[in-house]
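Working notes, structure below.
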Amino acid sequence: MRRSQYFLPTLKENPAEAQIVSHRLMLRAGMIRQESAGIYSWLPLGFRVLQRIEQIVREEQDASGALEVLMPTIQSADLWRKSGRYDDYGAEMLRIKDRHEREMLYGPTNEEMITEMFRAGVKSYRDVPRMMYHIQWKFRDEVRPRFGVMRGREFLMKDNYSFDIDFAGAKRSYNKMFVAYLRTFARMGLKAIPMEAESGPIGGDMSHEFQILAETGESQIFCDKELLDFDVLSSGVDYDSDLQPVVDRWTSLYAATDDKHDAAKCPVPAEQLVAARGIEVGHIFYFGTKYSKPLDCVVSGANGEQVPVEMGSYGIGVSRLTGAIIEASHDDAGIIWPESVAPFKVGLINLRSGDAKCDAACTDIYGKLRKAGVEVLYDDREESAGGKFADMDLIGLPWQLIIGPRGLAAGKVELKERRTGKRDELSAEDALARLSKRAA
RNA sequence: CGGGGUGUAGCUCAGCCUGGUAGAGCACCGGCUUUGGGAGCCGGGGGUCGGAGGUUCGAAUCCUCUCGCCCCGACCA
Numbered sequence: 028m029r030r031s032q033y034f035l036p037t038l039k040e041n042p043a044e045a046q047i048v049s050h051r052l053m054l055r056a057g058m059i060r061q062e063s064a065g066i067y068s069w070l071p072l073g074f075r076v077l078q079r080i081e082q083i084v085r086e087e088q089d090a091s092g093a094l095e096v097l098m099p100t101i102q103s104a105d106l107w108r109k110s111g112r113y114d115d116y117g118a119e120m121l122r123i124k125d126r127h128e129r130e131m132l133y134g135p136t137n138e139e140m141i142t143e144m145f146r147a148g149v150k151s152y153r154d155v156p157r158m159m160y161h162i163q164w165k166f167r168d169e170v171r172p173r174f175g176v177m178r179g180r181e182f183l184m185k186d187n188y189s190f191d192i193d194f195a196g197a198k199r200s201y202n203k204m205f206v207a208y209l210r211t212f213a214r215m216g217l218k219a220i221p222m223e224a225e226s227g228p229i230g231g232d233m234s235h236e237f238q239i240l241a242e243t244g245e246s247q248i249f250c251d252k253e254l255l256d257f258d259v260l261s262s263g264v265d266y267d268s269d270l271q272p273v274v275d276r277w278t279s280l281y282a283a284t285d286d287k288h289d290a291a292k293c294p295v296p297a298e299q300l301v302a303a304r305g306i307e308v309g310h311i312f313y314f315g316t317k318y319s320k321p322l323d324c325v326v327s328g329a330n331g332e333q334v335p336v337e338m339g340s341y342g343i344g345v346s347r348l349t350g351a352i353i354e355a356s357h358d359d360a361g362i363i364w365p366e367s368v369a370p371f372k373v374g375l376i377n378l379r380s381g382d383a384k385c386d387a388a389c390t391d392i393y394g395k396l397r398k399a400g401v402e403v404l405y406d407d408r409e410e411s412a413g414g415k416f417a418d419m420d421l422i423g424l425p426w427q428l429i430i431g432p433r434g435l436a437a438g439k440v441e442l443k444e445r446r447t448g449k450r451d452e453l454s455a456e457d458a459l460a461r462l463s464k465r466a467a
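Shown next, in the form of structure tokens:
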């Protein structure tokens with residue numbers, strides 16, 4: 028993509044309304060535009076990142092055996108009356124009426140709908156286990172939206188729902204999501220720590236929230252230092268195998284948010300304890316028959332008896348992750364995208380657009396990079412060098428390929444790694460080879 | 001939902017207290033000179049001062065109502 032043909036309205040100054048770093052950087056980098064409180068448009072650069080994140084989430088859900096569906100954003104009030112949540116949910120639910128005065132709502136979540144969907148399509152214990160998920164926009168009319176896409180009213184969420192015949196099955200489904208979540212966040216370059224969360228009347232250890240570490244996180248968290256060294260990506264996962272040992276390993280070590288943490292009772296010695304800030308990016312629940320009973324979602328058991336299915340739900344804040352990744356990965360100059368979610372892999376900077384040699388060299392390598400399947404944003408504008416550098420640092424592409432008259436005279440281009448700031452002068456061919464080699 | 005703040009050009013903000021018909025920097029357009037970390041000079045375009053009422057000869061400025069947005073707290077992917 029040529030920058031001169033792109034829509035990338037970057038800002039030099041910080042917008043007044045943005046207080047936290049990810050919000051400021053998303054606005055400055057031309058990723059989003061606020062339309063109302065807690066409601067955003069995604070501009071081309073931001074949308075690319077959102078889609079990258081969504082795709083990683085999707086791939087890991089699919090790998091776990093979950094089936095992707097798509098449910099509507101608008102739901103009928105009747106459905107929610109059956110579960111009793113229409114009255115319980117309160118003002119956070121956006122209620123609307125259609126032209127026939129039928130009561131509708133913009134879905135804040137989909138337990139009711141998917142339970143109905145599942146009920147209508149299955150009859151027997153042979154039809155379970157199943158997991159179905161979708162990635163869809165939700166609306167929760169928060170009293171106080173803030174922090175940009177981290178806490179919006181409209182947000183993109185992956186919500187998965189599991190259906191099992193008994194608790195043992197539900198636990199297996201829960202474990203699959205537990206592991207899938209660890210892998211999902213790790214692929215985005217995030218260190219996610221599962222933490223025991225309030226699980227309501229069910230009790231036990233069947234609700235975990237996944238907190239990623241970021242200095243500017245909303246909640247204070249504490250965990251055993253050893254957790255930070257766990258690597259969930261290096262070994263493949265067989266989702267048909269017993270995942271309990273993996274879950275046990277992660278849950279055996281101490282991890283708690285500040286409302287659960289008690290320094291006096293903490294089992295981890297001070298030198299082994301990490302105190303950090305966290306952002307909740309995922310939450311998994313087991314809730315048994317809470318919805319299957321009122322919605323009559325039953326299957327025939329092996330002996331012909333009617334059994335309400337055991338369910339769980341598993342959410343990932345996809346749009347929130349965009350902000351969360353920035354919170355976890357930025358510096359004073361701007362965003363530092365992990366390569367897995369970067370909107371482009373390479374930013375090609377022509378230091379002197381209009382100069383015949385520079386233009387020719389840039390056009391040449393731009394074409395070759397694209398041919399090699401490397402996603403590149405080519406800044407071909409007639410801007411000052413400083414402006415291009417600053418803009419490229421701001422939008423945070425992992426690699427900057429810098430071509431100017433000084434280097435070209437020596438037959439060299441410059442390759443800069445955004446994360447480290449490390450620069451290498453090398454030939455255009457070598458730069459091309461290095462960037463192509465890393466392409467996925 | 002309690003508490004606080006704010007709304008003037010695309011962005012950051014001044015002007016308001018003490019009413020006299022709207023400004024700066026950046027951005028944008030044209031020209032010339034520049035060009036390795038947000039260039040310089042010259043010229044130019046752009047604002048119903050959030051909205052509605054009111055007071056006044058006259059309102060961005062004073063009064064009333066209203067809407068939007070932001071921050072702190074209690075809740076959430």
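Start counting the first sequence at 28; every next residue gets the next number (this note's numbering). A virtual CB, placed ideally from N, CA and C, is assigned to each residue, including glycine. Model, not experiment: these values are computed from the prediction.
Can you look up residue i in the DSSP assignment and give me helix, strand or coil?
{"i": "E337", "result": "strand"}
{"i": "M144", "result": "helix"}
{"i": "Y67", "result": "strand"}
{"i": "I422", "result": "helix"}
{"i": "M177", "result": "helix"}
{"i": "N202", "result": "helix"}
{"i": "R29", "result": "strand"}
{"i": "G117", "result": "helix"}
{"i": "R473", "result": "Only positions 28 to 467 of the chain appear in this structure, which leaves residue 473 out of reach."}
{"i": "Q299", "result": "helix"}
{"i": "Q271", "result": "helix"}
{"i": "V48", "result": "helix"}
{"i": "I101", "result": "strand"}
{"i": "D251", "result": "strand"}
{"i": "R75", "result": "helix"}
{"i": "T284", "result": "strand"}
{"i": "E402", "result": "coil"}
{"i": "K395", "result": "helix"}
{"i": "L462", "result": "helix"}
List the whole-angstrom C-beta distance separating residue i from residue j, where the pair is believed to meet the contact cut-off of C-beta under 8 Å.
{"i": "S49", "j": "E354", "result": "5 Å"}
{"i": "A219", "j": "Q238", "result": "7 Å"}
{"i": "A360", "j": "L435", "result": "So it is not a contact: roughly 25 Å between Cβ atoms."}
{"i": "M22", "j": "Y313", "result": "In the structure displayed, the chain extends from 28 to 467; residue 22 sits before or after that span and is not available."}
{"i": "I311", "j": "F205", "result": "6 Å"}
{"i": "T349", "j": "I80", "result": "6 Å"}
{"i": "G344", "j": "M184", "result": "6 Å"}
{"i": "R108", "j": "E95", "result": "The pair is not a contact, with the Cβ atoms about 28 Å apart (cut-off 8 Å)."}
For residue i, I'd like the list of residues in its chain whose CB is within less than 6 Å of its CB, leaving aside the five on either flank, ordered along the chain.
{"i": "E402", "result": "F371, K372"}
{"i": "R450", "result": "E441, K443"}
{"i": "L378", "result": "A412, G431"}
{"i": "M3", "result": "Past the edges of the chain, shown from 28 to 467, lies residue 3, and the structure says nothing about it."}
{"i": "G216", "result": "P365"}
{"i": "E242", "result": "R304"}
{"i": "P71", "result": "F34"}
{"i": "A387", "result": "none"}
Judging by CA-CA distance, which residue of the options is the nearest neighbour of residue i?
{"i": "Y152", "options": "S356, V334, G342, G244", "result": "V334"}
{"i": "Q88", "options": "Y266, I392, A458", "result": "Y266"}
{"i": "A455", "options": "T390, R55, K320", "result": "T390"}
{"i": "L254", "options": "R276, P272, Q247", "result": "R276"}
{"i": "Q46", "options": "L348, M144, T447, R173", "result": "R173"}
{"i": "A197", "options": "Y341, E298, W426, K124", "result": "Y341"}
{"i": "G448", "options": "I429, E62, S103", "result": "I429"}
{"i": "D251", "options": "V264, Q271, A290", "result": "A290"}
{"i": "A437", "options": "P321, L453, W426", "result": "L453"}
{"i": "S380", "options": "G414, A303, F212", "result": "G414"}
{"i": "D382", "options": "L404, G374, I362, E409", "result": "E409"}
{"i": "A399", "options": "L459, L77, L375, C385", "result": "L459"}
{"i": "Q299", "options": "L260, G305, D256", "result": "D256"}
{"i": "I101", "options": "Q32, E181, V149, M28", "result": "E181"}
{"i": "W164", "options": "C324, A147, G331, G65", "result": "G65"}
Within 6 Å: the Cβ of residue i and any heavy atom of the ligand SAM?
{"i": "F314", "result": "As presented, the structure is devoid of all ligands, the ligand SAM included, so that no description of it is given."}
Which same chain residues, not among the five before or five after residue i, have their C-beta less than 8 Å away from its C-beta?
{"i": "P42", "result": "R51, L54, R55"}
{"i": "I83", "result": "T211, R214, M215, S367, V368"}
{"i": "K124", "result": "E130, M131"}
{"i": "I392", "result": "L375, L428, I430, V440, A455, A458, L459"}
CB-CB under 7 Å to residue i, same chain, minus the five flanking residues each way: which ones, in chain order?
{"i": "S200", "result": "P156, M158, S189, D191, G339"}
{"i": "M419", "result": "G374, I376, D406, Q427"}
{"i": "Y67", "result": "I59, R60, Q61, V176, G179"}
{"i": "V273", "result": "V206"}
{"i": "L347", "result": "Note that residue 347 is Arg in the sequence shown here, rather than Leu. Contacts found: V176, M177, F182, V308."}
{"i": "L97", "result": "H161, Q163"}
What are the start and end residues of each continuous beta strand (DSSP E) run of 3 or more residues lying completely inside the stretch 307–392, in chain order?
If only uninterrupted beta strand (DSSP E) runs of at least 3 residues are considered, those enclosed by the stretch 307–392 are 325–327, 333–335, 337–344, 373–377.
My parser needs the beta strand (DSSP E) runs of 3 or more residues fully inside the stretch 150–175; what are they?
Every beta strand (DSSP E) of 3 residues or more that sits fully in the stretch 150–175 is shown, in chain order, as 157–166.
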